[in-house]
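Novice: Please see the structure below; I have some questions.
Residue numbers (the working numbering): 9 to 409.
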């Protein structure tokens, strides 16, 4: 267990929801640090008021905090302007927003390129768009070690492709895509690039300008923040040209029964009362991980994932998926044992993993399994969690022979 140099960064004491629990389901949703819980409690308590509408002092103060959260998000991913940040419910809503606004410019004969490892939220919205517009969807394959085959992806691109949509980090495999390379290839044929960054932003530094993407989406709850809040970043010139998505209050300039004029971006895309407290909590989460350092978090989680892979590989009935340098995520299957049974037995041992298709059924088909067991690490994880996982797997083997 000590073949790799330990990286001491576990912040378990910061997370009241973890305690002695071996919580290895961070890729589904991350536990919340006390700093985020405190920010949410204060925002719902003594600081609470609506934003953008009130003329009283507390409303003005909360409006400042809400817009400060937008600035925090812009700094966090190095957006050129806070006006490129749209608050949404999560990455799923962000991708649907792009599909239903920018995507409606597409027509029959246009093509979108996805990859085999995408989450359903980066597949289904494009299928809905296909059904409305007649576009075609192509799918890039994976390498033998379960990465996006970037050379094959480049070879597939044609001028008919208007969008490439990929996950920065696979939620099943932990494989990391070379986004800058994919962006160059997409732009070379005139296509835009959308990136699902849900699994990247909690564990590695993201610079959207350096990456060269046109759209970048992520959810707050995987980033140690609240549920129901996320971010869609869109390059400024692209966002400004996109029509509104939902109509209602806040996103307008003037309304008459004859005509409505719309506010500029990002307000145009934030109809109704926003998730005020969610934005405040998300900003607190970004500040929390930034204080630790994304490079430190990435190194810590890769260390734990590598340690888990090295030990699990010794179990001869177990099959590992994903590359050796997976980013904080380890998926596996045991011969003759359903992942749900693995998850149930591990739960009895105080270990929480995810078992199922992980909203990636096409990937499961490519891997040749109906489901996998997945352990995913966070800043609160440490080597004791890996040890408990292994003890639980040993019990699974004893039970199932």
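Using N, Cα and C, we set each Cβ at its ideal position, and we do this for glycine too.
Using only alpha-carbon positions, find the residue among 261, 275, 118 and 397 that is nearest to residue 317.
Specialist: Along the chain shown, read from residue 1 onward, the residue named residue 317 stands at position 309. Considering only alpha carbons, the answer is 397.
Novice: Does DSSP put residue 341 in a helix, in a strand, or in coil?
Specialist: Taking the chain shown and counting its residues from 1, one reaches residue 341 at position 333. Reduced to three states, the DSSP call for residue 341 is strand.
Novice: Is the beta carbon of residue 43 closer than 8 Å to that of residue 288?
Specialist: As a first step, residue 288 must be located in the chain shown, where it is residue number 280. As a first step, residue 43 must be located in the chain shown, where it is residue number 35. Against a cut-off of 8 Å, the Cβ pair of residue 43 and residue 288 comes out as no contact.
Novice: Touch check for the segment 369-383 and the segment 47-57: three-plus C-beta pairs under 8 Å?
Specialist: No, because fewer than three Cβ pairs between the segment 369-383 and the segment 47-57 fall closer than 8 Å, the two stretches do not touch.
Novice: As an exercise, report each continuous alpha helix (DSSP H) stretch of at least 4 residues that is fully enclosed by the segment 178-259, in chain order.
Specialist: Whole alpha helix (DSSP H) segments, 4+ residues: 187-196, 216-219 and 244-248.
Novice: Out of 61, 93 and 37, point me to the one whose CA is closest to residue 241's CA.
Specialist: The sequence position of residue 241 within the chain shown is 233, counting from 1. Closest by alpha carbon: 93.
Novice: What number of angstroms, rounded off, separates the C-alpha of residue 235 from the C-alpha of residue 285?
Specialist: In the chain shown, the residue the question calls residue 235 occupies position 227. In the chain shown, the residue the question calls residue 285 occupies position 277. In a straight line, the C-alpha of residue 235 is about 11 Å away from that of residue 285.
Novice: So does the segment 351-369 actually touch the segment 311-325, counting three or more Cβ pairs closer than 8 Å?
Specialist: No, the segment 351-369 is not in contact with the segment 311-325.
Novice: In angstroms with no decimal places, state the Cα-to-Cα distance between residue 189 and residue 54.
Specialist: Stepping through the chain shown from its first residue, residue 189 is reached at position 181. Stepping through the chain shown from its first residue, residue 54 is reached at position 46. Their backbone Cα atoms lie some 48 Å apart in a straight line.
Novice: Just to confirm my understanding: we take residue 280, look at its own chain, exclude 5 residues before and 5 after, and list those with CB closer than 7 Å. What are they?
Specialist: Within the chain shown, the letter at position 272 stands for residue 280. The answer, listed in chain order, is 256, 257 and 258.
Novice: Going along the chain, which unbroken runs of the beta strand (DSSP E) with 3 or more residues stay wholly within the segment 57-137?
Specialist: The segment 57-137 contains these whole beta strand (DSSP E) runs: 93-96 and 119-123.
Novice: Flag this pair as touching only if the segment 193-208 and the segment 135-143 have three or more C-beta atom pairs under 8 Å; answer yes or no.
Specialist: No: fewer than three Cβ pairs fall under 8 Å.
Novice: Starting from the Cα of residue 290, find the closest Cα among 153, 228, 277 and 406 and give me that residue.
Specialist: Against the chain shown, residue 290 aligns to sequence position 282. Per the Cα distances, 228.
Novice: Residue 171 by DSSP, collapsed to three states: which one?
Specialist: Counted from its first residue, the chain shown places residue 171 at position 163. Strand, per DSSP.
Novice: Pull up the distance between the alpha-carbon of residue 13 and that of residue 249, whole angstroms please.
Specialist: By one-based count along the chain shown, residue 13 stands at place 5. By one-based count along the chain shown, residue 249 stands at place 241. Note that residue 13 scores a pLDDT of 43, beneath 50, so its modelled location is shaky; the value from the coordinates is reported in the next line. C-alpha separation (whole angstroms): 50 Å.
Novice: When burial is assigned at 16 or more other CB atoms within 10 Å of the CB, is residue 332 buried or exposed?
Specialist: Position 324 of the chain shown holds residue 332. Exposed, since its Cβ has fewer than 16 Cβ neighbours within 10 Å.
Novice: Kindly identify the DSSP beta-bridge partner or partners of residue 31.
Specialist: Residue numbering aside, residue 31 sits at position 23 when the chain shown is read from its first letter. According to DSSP, residue 31 bridges with 360.
Novice: Quick one: what's got a C-beta closer than 8 Å to residue 128's C-beta in the same chain, skipping five residues either side?
Specialist: Here residue 128 is taken as the residue at index 120 of the chain shown, counted from 1. Answer for residue 128: 367, 368 and 369, listed in chain order.
Novice: Reducing DSSP to helix, strand and coil, say where residue 329 ends up.
Specialist: Residue numbering aside, residue 329 sits at position 321 when the chain shown is read from its first letter. Strand, per DSSP.
Novice: Keeping to the same chain, check which residues put their C-beta closer than 8 Å to that of residue 131; ignore five residues upstream and five downstream.
Specialist: Residue mapping note: residue 131 aligns to position 123 of the chain shown, counting from 1. If we look at residue 131 and ignore the five residues flanking it on each side, its Cβ neighbours are 122 and 370.
Novice: Can you give me the C-alpha to C-alpha distance between residue 352 and residue 302, rounded to a whole angstrom?
Specialist: Taking the first residue of the chain shown as position 1, residue 352 is located at position 344. Taking the first residue of the chain shown as position 1, residue 302 is located at position 294. Their backbone Cα atoms lie some 32 Å apart in a straight line.
Novice: Would you call the segment 383-398 and the segment 25-34 touching, i.e. three or more CB-CB distances under 8 Å?
Specialist: Yes, they touch.
Novice: Leaving out five residues before and five after residue 60 in sequence, what residues of the same chain have Cβ atoms less than 7 Å from its Cβ?
Specialist: Position 52 of the chain shown, counted from the first residue, corresponds to residue 60. Closer than 7 Å at the Cβ level, and outside the excluded window around residue 60, lie 71 and 258.
Novice: Compare the Cα-Cα distances from residue 283 to each of 117, 263, 97 and 33 and report the closest residue.
Specialist: The residue given as residue 283 occupies position 275 in the chain shown. Looking at the Cα atoms, 97 is the closest of the given residues.
Novice: Can you tell me the Cβ-Cβ gap for residue 86 and residue 215, rounded? I've got them flagged as a contact below 8 Å.
Specialist: In the chain shown, residue 86 corresponds to position 78, counting from 1. In the chain shown, residue 215 corresponds to position 207, counting from 1. Contact holds; Cβ gap of about 4 Å.
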